[in-house]
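Asks: Sequences listed follow chains A and B, in order. Residue numbers for the first sequence follow my numbering, so the first one is 1 and each next one is one higher. Residue numbers for the second sequence follow my numbering, so the first one is 84 and each next one is one higher. Quick reminder that beta carbons are idealized off the backbone N, C-alpha and C, glycines included.
Number of protein chains: 2
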Amino acid sequence: MKTLIIGIIAGSLTTIAFLPQLIRAVKTKHTKDLSLGTFSLFGAGVFLWLIYGILLKEMPIILANAVTLIFVLLIAFMKIKHG
Amino acid sequence: MKTLIIGIIAGSLTTIAFLPQLIRAVKTKHTKDLSLGTFSLFGAGVFLWLIYGILLKEMPIILANAVTLIFVLLIAFMKIKHG
């Protein structure tokens, strides 16, 4: 139970974390300082964490990574768009 | 075994992912487009994932998050330094 709660808080934080970066990119349309390599590799890794969570049947891992993947793909898209 | 391998690859990717961003920040000394909120929240979340991995005794989660935490703290430090 303690593990589940910590997992839910951890997943909420590492997921919500990408919102300020996404909002900043959308607002400023400036993404020059962002590394496309970082967001590409991270997106691929998050996708595999999602599979890992499904195999472990650990809901915090599944939920956190599913939503994070969407945010990270959107940031990568902004980077590709604005350079 | 399959789960462990996927976890190791996932952890390697989401950890190595932050290296290009860190290298870019160190080289260019430009971090204006980075969101401090993102790297702060993400760092806090990664710290909790580390605790979560320790409680689950899942080595891929422990290792990945320990190293990721170091990279993310260094990026946050660069952001604070260069604005």
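Go to THR28(A), then tell me how far its alpha helix (DSSP H) extends in each direction, as first and last residue.
Replies: Run containing THR28(A): 18-28, per the alpha helix (DSSP H) assignment.
Asks: Which residues in chain E have a C-beta closer than 7 Å to the C-beta of LYS32(A)? List them in chain order.
Replies: Structure shown: chain E not included; protein chains present are A and B.
Asks: DSSP three-state call for THR31(A): helix, strand or coil?
Replies: Three-state DSSP puts THR31(A) in coil, outside helix and strand.
Asks: Of the choices ILE91(B), ALA127(B), LYS110(B), GLY166(B), whose alpha-carbon is the least far from that of VAL155(B)?
Replies: When each option's Cα is compared against that of VAL155(B), the closest is ALA127(B).
Asks: What residues from chain B crowd round GLY45(A), counting only those whose CB sits closer than 9 Å?
Replies: Those are ILE92, ALA93, GLY94, SER95, LEU96, THR97, THR98, ILE99, ALA100, ALA147, listed as they occur along chain B.
Asks: So, LEU38(A) versus PRO103(B), is the Cβ gap smaller than 8 Å?
Replies: The sequence as given places Thr at residue 38(A); Leu does not occur at that position. Yes, the pair counts as a contact, with Cβ atoms nearer than the cut-off.
Asks: Quick one: what does DSSP say MET84(B) is sitting in, helix, strand or coil?
Replies: Here MET84(B) sits in coil by DSSP.
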